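When we follow our numbering, the leftmost residue of the sequence shown carries the number 991, and every step to the right adds one.
All C-beta atoms in this analysis are idealised placements derived from N, C-alpha and C, irrespective of residue type, glycine included.
If you're wondering where the values come from, they're calculated on a predicted model, not measured in any experiment.
First comes the structure, then the notes that go with it.
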Amino acid sequence: MKINADLHTHTIFSHGKGTIEENVLQAIKLGLKKISITDHGSGHLFYGVKRQDWAKMRAEVDRLKIKYPEIEIDLGVEANIISMDGTIDVKKEEEKFFDVINVGYHYGVGIKKISDFFGFYILNLLAKGFPALRKRARDINTAALVSAMDRYKINMITHPGAKVPVDMDKIAKKAEQRKVILEINSHHLHLTEADLKKAMKYKVRFAVNSDAHQVNHIGLVDEGLKIAEKAGVDPGKIVNVEKS
Ligand SMILES: [Zn+2]
Ligand SMILES: [Zn+2]
């Protein structure tokens, strides 16, 4: 298998090293047909894109689309879940900037309410040391992601199961219903092979991405492809591999 698009890359607008144009040029060099620029949602306290920068990024992507017609360029976002009710850190009025909205769990996000701080961060951190709390944490994480998929038009869940535990059956079932792509992330190595096998029971599509934070990591997806191959996923179910 070989990818023809990298749907998850970061730039200097969050904590990547390359500019949008440098990412695009690298994707062209690799012969990719498409690249998505997917920096961190503004709710991330350390890496989030400054809210005033989204318009700048949109203008830059629009400029590059004209300059490099040989490649498709999407402006996306890797939004964060900021509440147990599934709220994400993309404001309604910001949705117009994005071709796609992706969502993933990250630590270091400014949460909506104090109860979310305990429900998410404290519980998930404690769950690492106290297995008895793991199920409760997993249920809360899963419910939040499921309601995010119901509440927003989400394109892809990034690295499902990384950072915090989730119930993959419930995530995949909702992803099938809402036509959300589940990512096989070559950097975080999630979906794992075991989770991918669970998700494959549903009519859900996958994408194998680099999650590149520097230009020369774009298109590096060998580890993700290995997971897909080991799990025996049908290449026809992966949106960004070459169909041969
Ligand atoms: Zn991420
Ligand atoms: Zn990322």
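Are the beta-carbon atoms belonging to Ile1217 and Leu1172 less than 9 Å from one another?
Walking along the sequence shown from the start, residue 1217 turns up at place 227. Walking along the sequence shown from the start, residue 1172 turns up at place 182. No, Cβ-Cβ distance for Ile1217 and Leu1172 is not below 9 Å.
Among Ala1221, Ser1200, Glu1219 and Val1205, the one whose alpha carbon lies nearest that of Val1211
In the sequence shown, counting from the first residue as 1, residue 1211 sits at position 221. When each option's Cα is compared against that of Val1211, the closest is Ser1200.
When we look at the beta-carbon of Arg1128 and count the other beta-carbons within 10 Å, is it buried (16 or more) or exposed?
Your numbering for residue 1128 matches position 138 in the sequence shown. With 16 or more other Cβ atoms within 10 Å, it is buried.
Beta-carbon distances below 5 Å to any heavy atom of ligand 2 define the shell here; list its residues in chain order, please.
Glu1068 and Asp1201
With a 10 Å radius around its C-beta and 16 neighbouring C-beta atoms as the bar for buried, classify Asn1230 as buried or exposed.
Position 240 of the sequence shown, counted from the start, is the residue given in the question as residue 1230. Its Cβ being crowded by 16 or more others within 10 Å, Asn1230 is buried.
Quick one: what's got a C-beta closer than 6 Å to Ser1073's C-beta in the same chain, skipping five residues either side?
Counting from 1 along the sequence shown, the entry for residue 1073 is found at position 83. Within the same chain, Ser1073 has close Cβ partners Lys1102 and Asp1106.
Can we say the region 1111-1120 touches the region 1134-1142, given the rule of at least three CB pairs closer than 8 Å?
Contact between the region 1111-1120 and the region 1134-1142 is absent, because fewer than three Cβ pairs lie under 8 Å.
Lys1024 lies in the beta strand (DSSP E); which residues open and close that run?
Start at 1 with the first residue of the sequence shown, and residue 1024 comes out as number 34. That run of the beta strand (DSSP E) goes Lys1024 to His1030.
Would you check whether ligand 1 has a heavy atom nearer than 8 Å to the C-beta of Gly1151?
In the sequence shown, counting from the first residue as 1, residue 1151 sits at position 161. Outside the cutoff, so no.
How should Gln1042 be labelled, buried or exposed, when 16 other C-beta atoms within 10 angstroms of its C-beta is the threshold for buried?
Here the question's residue 1042 lines up with position 52 in the sequence shown. Around the C-beta of Gln1042, fewer than 16 other C-beta atoms lie within 10 Å, and the residue is accordingly described as exposed.
Mind listing, in chain order, the continuous alpha helix (DSSP H) runs of no fewer than 4 residues lying wholly within the region 1062-1132?
1113-1119
By DSSP, does Val1205 sit in helix, in strand, or in coil?
As a first step, residue 1205 must be located in the sequence shown, where it is residue number 215. In this structure, Val1205 counts as helix in the three-state DSSP scheme.
What is the DSSP secondary structure of Val1051, reduced to helix, strand or coil?
Mapped onto the sequence shown, residue 1051 falls at position 61. It is helical.
Would you check if the region 1080-1092 and the region 1151-1160 touch, i.e. whether three or more CB-CB distances between them fall below 8 Å?
no
Confirm the yes/no value for this check: CB of Thr1001, any heavy atom of ligand 1, distance under 8 Å.
Your numbering for residue 1001 matches position 11 in the sequence shown. Every heavy atom of ligand 1 is 8 Å or more from the Cβ of Thr1001, so no.
DSSP three-state label for Met1139, please.
Translated into the one-based positions of the sequence shown, residue 1139 becomes position 149. Judged by DSSP in its simplified three-state form, Met1139 adopts helix.
In whole angstroms, what separates the C-alpha of Glu1062 from that of Phe1120?
Numbered from 1 along the sequence shown, position 72 holds the residue referred to as residue 1062. Numbered from 1 along the sequence shown, position 130 holds the residue referred to as residue 1120. So the alpha carbons of these two residues sit roughly 46 Å apart.
Contact set for Glu1213: own chain, Cβ-Cβ below 7 Å, skip 5 residues either direction
For the purposes of this step, residue 1213 is taken as residue 223 along the sequence shown, with counting starting at 1. These residues qualify, in order along the chain: Ser1176 and Leu1179.
Extent of the continuous beta strand (DSSP E) to which Asp1159 belongs:
Numbered from 1 along the sequence shown, position 169 holds the residue referred to as residue 1159. Taken as a continuous stretch (DSSP letters only), Asp1159 belongs to no beta strand (DSSP E), being part of the alpha helix (DSSP H) at Met1158 to Arg1168.
Cβ neighbour criterion (16 or more within 10 Å) applied to Asn1206:
For this step, residue 1206 is matched to residue 216 along the sequence shown. Label assigned to Asn1206: exposed.
Assigned secondary structure, Val1154 (DSSP; H/G/I helix, E/B strand, else coil):
For the purposes of this step, residue 1154 is identified with residue 164 of the sequence shown, where counting begins at 1. Correct three-state label for Val1154: coil.
Which two residues bound the contiguous beta strand (DSSP E) that contains Val1198?
Along the sequence shown, one-based indexing puts residue 1198 at 208. Phe1196 to Asn1199 is the span of the beta strand (DSSP E), which, as asked, contains Val1198.
Flag this pair as touching only if the region 1050-1065 and the region 1077-1085 have three or more C-beta atom pairs under 8 Å; answer yes or no.
no
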